[in-house]
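Heads up, the thing below is written out as structure tokens.
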Ligand SMILES: [Zn+2]
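Residue numbers (the numbering used here): 318 to 573.
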């Protein structure tokens, strides 16, 4: 009998890995509801099991505290996550945010602690790459061979071009994902979607947490050659470029 291979590499699996990590899903004792129904697991080797690192906790602190999340994310953040932050004397926060600080704001006479700062982007990208491979293994029953590129749409860029690009990506993803099935048994916490492959074999995956935090994943198969895109070439070359999508215009490299 052949053993299952790890979702990330060629090694034999020694355990299972939850994708996304289990700690993002509130426990029954904390929330009064069971959000841990049929969580997604994939076979994993020791190296690629997130439980063996602190990445799961890192991810939980990074995304559960984001403004605009639904009440599940909000409660989770104010319960379990605040407890673990206090336990670690906010050291965890320092690890998550490069300039991490807690802002205290008032909302109708209630105090709320909010995370504020620059997230550790490379580490977040790494976490979402693992989830992207895991979700692929779960959904298609085989490992993805190629490169995955996550786009973190919950990060708010301050410069003009990245801001415009973010609006463009969100609009494009909305069009591409329209009508695609949302998969997941606890959709208030997490669901994912896939588009059909385009003519180059590239397809888009979308991960949604707490009905607010969206991550778009480009799945680029091995050996694919990127299509020449005149608009993108102009944009990257620093030329003033307008890309039109439906009835919207996205303007890049605008003169100052
Ligand atoms: Zn592995």
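Glycine included, each C-beta is placed from N, C-alpha and C at the ideal position.
Computed from a predicted model, the values in this text were never measured in an experiment.
Buried/exposed call for residue i, threshold 16 Cβ in 10 Å
| i | result |
| --- | --- |
| residue 530 | buried |
| residue 447 | buried |
| residue 564 | exposed |
| residue 513 | exposed |
| residue 379 | buried |
| residue 359 | buried |
| residue 510 | buried |
| residue 387 | exposed |
| residue 351 | exposed |
| residue 334 | buried |
| residue 522 | buried |
| residue 465 | buried |
| residue 367 | buried |
| residue 502 | exposed |
| residue 393 | buried |
Rounded Cβ spacing between residue i and residue j (contact assumed at less than 8 Å)
| i | j | result |
| --- | --- | --- |
| residue 467 | residue 442 | 6 Å |
| residue 339 | residue 356 | 6 Å |
| residue 527 | residue 498 | The pair is not a contact, with the Cβ atoms about 20 Å apart (cut-off 8 Å). |
| residue 389 | residue 343 | 6 Å |
| residue 481 | residue 567 | 5 Å |
| residue 456 | residue 500 | 7 Å |
Per DSSP, the bridge partner or partners of residue i
| i | result |
| --- | --- |
| residue 463 | 538 |
| residue 510 | 523 |
| residue 569 | 558 |
| residue 334 | 359 |
| residue 469 | 532 |
| residue 503 | 507 |
| residue 397 | DSSP, once it has assigned bridges, lists no residue as partnering residue 397. |
| residue 576 | The requested residue 576 does not occur in the structure, where the chain is confined to residues 318 to 573. |
8 Å Cβ cutoff, residue i in contact with chain E
| i | result |
| --- | --- |
| residue 448 | Although the question refers to chain E, the structure presented lacks it and comprises just one protein chain. |
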